[in-house]
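Note sheet for the following structure.
2 protein chains.
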Amino acid sequence: MSDKIRGVLSPVVTPFDADLQPDTTRWLSHCRWLLSQECGLAIFGTNSEANSLSVAERRMLLETAADAGLDTDRMMPGTGACALPEAVELTRAAVEAGAAGVLMLPPFYYKGVSDDGLFAHFSEVIERVGDARLRLYLYHIPPVAQVPVSLDLIERLLDAYPGTIAGIKDSSGDWSNTKAMLDRFENFDVFPGSEEFLLEGLRHGAAGCISATANVNPGAIHALFETWTAGDADERQAELTRFRKAVAQYPMIPALKAIIGLSTDDPDWGRTRPPLVPLDETQRANLAETLKEFDFTMPGRTAA
Amino acid sequence: MSDKIRGVLSPVVTPFDADLQPDTTRWLSHCRWLLSQECGLAIFGTNSEANSLSVAERRMLLETAADAGLDTDRMMPGTGACALPEAVELTRAAVEAGAAGVLMLPPFYYKGVSDDGLFAHFSEVIERVGDARLRLYLYHIPPVAQVPVSLDLIERLLDAYPGTIAGIKDSSGDWSNTKAMLDRFENFDVFPGSEEFLLEGLRHGAAGCISATANVNPGAIHALFETWTAGDADERQAELTRFRKAVAQYPMIPALKAIIGLSTDDPDWGRTRPPLVPLDETQRANLAETLKEFDFTMPGRTAA
């Protein structure tokens, strides 16, 4: 892990079978397709319904990926948990599987907690895992977790664990926050949480992006990452943003699953675990129309 | 479980040892003292730092209580979890241990979820546990979970599972919401989440209360529950409220632990798991002064 992971990563959506169990066949197939599109695997993210998976299920999927020979150094599993022992267990498992890094939510049950308390949590995880291979990416997603990762907390963690605190996913949706991180920290890789900020991010030193819609549109996002200094970059950014916004008219996670289902003629892909609900028939039909307007395809993505 | 649990319950605070592991000795001692004060055990509540405990730790503590011969039909363990399989596992374990009921948070990671999604979650838990002994108390605590349990959701659940949906803990802190629940539903036991609403609650048919400060002040709260029709009830309610507000000047969970530590000359009781932090020295000294002003004691509460 001497070279830190960069580029476009997808918080891989998790398919479920009729009994609402993780469907490993469909999941591996999606992981493989994403890798074929040069897209890294941020498995167990918000869009993966990771917090709707048990710790045992997340470990089972991680093992499934490793056993299937997926490139674990293109993986950044989410290993955050409200309970310290579970965050330690998941993080250790990811490191031992050879993951490029882990993406870690703060503990998100209690609200209004202090930076001292959050520092203690991350610090305990790092010390208990006790493995020099650990690359920890913080996960700032205040709209969902409601517990922010402040700039001051990042600074304290970087000072205490400079080799381990590797970067952040910023899903605040607030460019001024992303820019503040890019301006303030060194040796700290910032991934905006949406491709909407990819070009602006790269111009200010971002490491790539980790975006929900990379589940379905990874090729075009990766192309911009690769050639962002080209003359037509702004135009391509605008097109990526236009597609993103079109998808975001729908509830994001069910919409991504519906798009995969529509693209592979496999409507069962649309299943979600409660408390999320799949798109209804009208939403699905409207989404199909939206995709047509974009001449949208998932090149090479076949069923299963 | 023909008679539903009533009265005053305490979300039992969880002591930790120097390595931040649950301290079963101190925990059992606290559980036993609460039972001696006629206080029921809402173990694994918000004030128990339950979401900072792993599923394995919660199961271990539940077994410890059962093995120690604690009266499980005075228990209402918290069994909510973001992940359906974990909510099922914890709920099943509680039912099998003979708990009077379970107190269940909605899945709390995703925000703005629909009542359809929450209904599906609770419904799946009930059907997968599949045990007629299950008495499920919903847990409405919007300031922390940020995912509310609406009146309409309660109605749908009561219609679908009338024998199983047993009641609610309302920690909204909003009396009008508590009163709306009391007015609207039958065969549905409402426990306000603070003794501040105990007397008003009982006057409108509440089943008791489940309150943080019952960890330290259970006797006086239970006394009001028992004799709330007496002439001095309003006066005693005012005194309970005055004490509650004095404690609530401090961060509640660390303050409760500090009070137990001060009352048993055992400062190690003050430990919390991250992201919570113990009271600092100044806070502890001020809290000790506050307790003196109230001539506060925990009768019969000895060390360990």
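These protein sequences, in sequence, are chains A and B. Quick note on numbering: my numbering labels position 263 of the first sequence as 327, and the sequence is numbered without any gaps. Quick note on numbering: my numbering labels position 281 of the second sequence as 345, and the sequence is numbered without any gaps. Think of the CB as a built atom: it goes at the ideal place given N, C-alpha and C, for glycine as much as any other residue. These numbers were taken from a predicted model, which means no experiment stands behind them.
Please compile the residues from chain A whose C-beta is within a distance smaller than 7 angstroms of the C-beta of residue i.
| i | result |
| --- | --- |
| B/E150 | S118 |
| B/D180 | V341 |
Counting only beta-carbon atoms, is residue i nearer than 8 angstroms to chain B?
| i | result |
| --- | --- |
| A/N215 | According to the sequence shown, residue 215 of chain A is Leu rather than Asn. No - not a single Cβ of chain B is within 8 angstroms of the one on A/L215. |
| A/V193 | no |
| A/P170 | yes |
| A/V177 | yes |
Alpha carbon to alpha carbon, what distance is there between residue j and residue i?
| i | j | result |
| --- | --- | --- |
| A/R199 | A/R306 | 33 angstroms |
| A/P86 | A/P338 | 13 angstroms |
| A/S236 | A/G257 | 8 angstroms |
| A/A158 | B/C273 | 43 angstroms |
| B/A151 | B/T143 | 6 angstroms |
| A/K68 | B/N241 | 51 angstroms |
| A/F289 | A/K243 | 18 angstroms |
| A/M362 | A/L98 | 10 angstroms |
| A/L340 | A/T277 | 18 angstroms |
| B/V119 | A/C146 | 11 angstroms |
| A/I218 | B/L326 | 35 angstroms |
| A/N281 | A/F108 | 19 angstroms |
| B/L215 | A/N115 | 26 angstroms |
| A/G181 | B/V208 | 16 angstroms |
| B/D296 | B/T88 | 39 angstroms |
| A/R96 | A/T328 | 15 angstroms |
What in chain B is Cβ-close to residue i, meaning under 8 angstroms?
| i | result |
| --- | --- |
| A/A184 | P338, P339, V341 |
| A/L84 | L148, E188 |
Output yes or no for whether 8 angstroms exceeds the beta carbon distance between residue i and residue j.
| i | j | result |
| --- | --- | --- |
| B/M140 | B/L117 | no |
| B/D137 | B/G162 | yes |
| B/Q101 | B/G283 | yes |
| B/L355 | B/L343 | no |
| A/L222 | A/V213 | no |
| B/P79 | B/R335 | yes |
| B/G269 | B/L246 | yes |
| A/P372 | B/E121 | Not covered by the structure: residue 372 of chain A. The range shown for chain A is 65 to 368. |
| A/A302 | A/F358 | no |
| A/F255 | A/A271 | yes |
| A/P224 | A/S187 | Position check: residue 224 of chain A holds Ala in this sequence, whereas Pro was assumed. Result yes, Cβ atoms of A/A224 and A/S187 sit closer than 8 angstroms. |
| A/I190 | A/T128 | no |
| A/R378 | A/F183 | The structure shown does not extend to residue 378 of chain A, since chain A spans only 65 to 368, so no value can be given for it. |
Ordered along the chain, which non-local residues of its own chain (more than five positions away) have a Cβ less than 8 angstroms from that of residue i?
| i | result |
| --- | --- |
| B/V77 | H94, N111, S112, E113, N279, I317, L320, K321, I324 |
| B/I373 | Residue numbering for chain B in the displayed model covers 65 to 368; residue 373 of chain B lies beyond these limits and cannot be assessed. |
| A/Q210 | F172, K175 |
| A/T346 | none |
Give every residue of the same chain whose Cβ lies closer than 7 angstroms to the Cβ of residue i, excluding the five residues on either side of it in the sequence, and list them in chain order.
| i | result |
| --- | --- |
| B/W239 | F261, E264 |
| B/D135 | L99 |
| B/C103 | V72, L73, S74, A278, P282, H286 |
| B/D330 | A367 |
For chain A, is any of its Cβ atoms less than 8 angstroms away from the one on residue i?
| i | result |
| --- | --- |
| B/K321 | no |
| B/E121 | yes |
Interface residues of chain B around residue i at Cβ under 9 angstroms?
| i | result |
| --- | --- |
| A/Y174 | T110, E113, N115, S116, V208, I317, P339, L340 |
Can you name the residues of chain B whose CB is closer than 7 angstroms to the CB of residue i?
| i | result |
| --- | --- |
| A/E250 | What A/E250 touches in chain B: nothing, since even the nearest Cβ is about 27 angstroms away. |
Counting only the same chain and skipping the five closest in sequence on each side, list residues whose C-beta sits under 6 angstroms from that of residue i.
| i | result |
| --- | --- |
| A/L266 | W292 |
| A/L84 | R337 |
| A/R156 | V193 |
| B/L92 | A132 |
| B/D195 | V159 |
Return yes when the C-beta of residue i is under 7 angstroms from any heavy atom of the ligand NAP, and no when it is not.
| i | result |
| --- | --- |
| A/V177 | Judged by which ligands are present, the structure shown has none, so any question about the ligand NAP falls away. |
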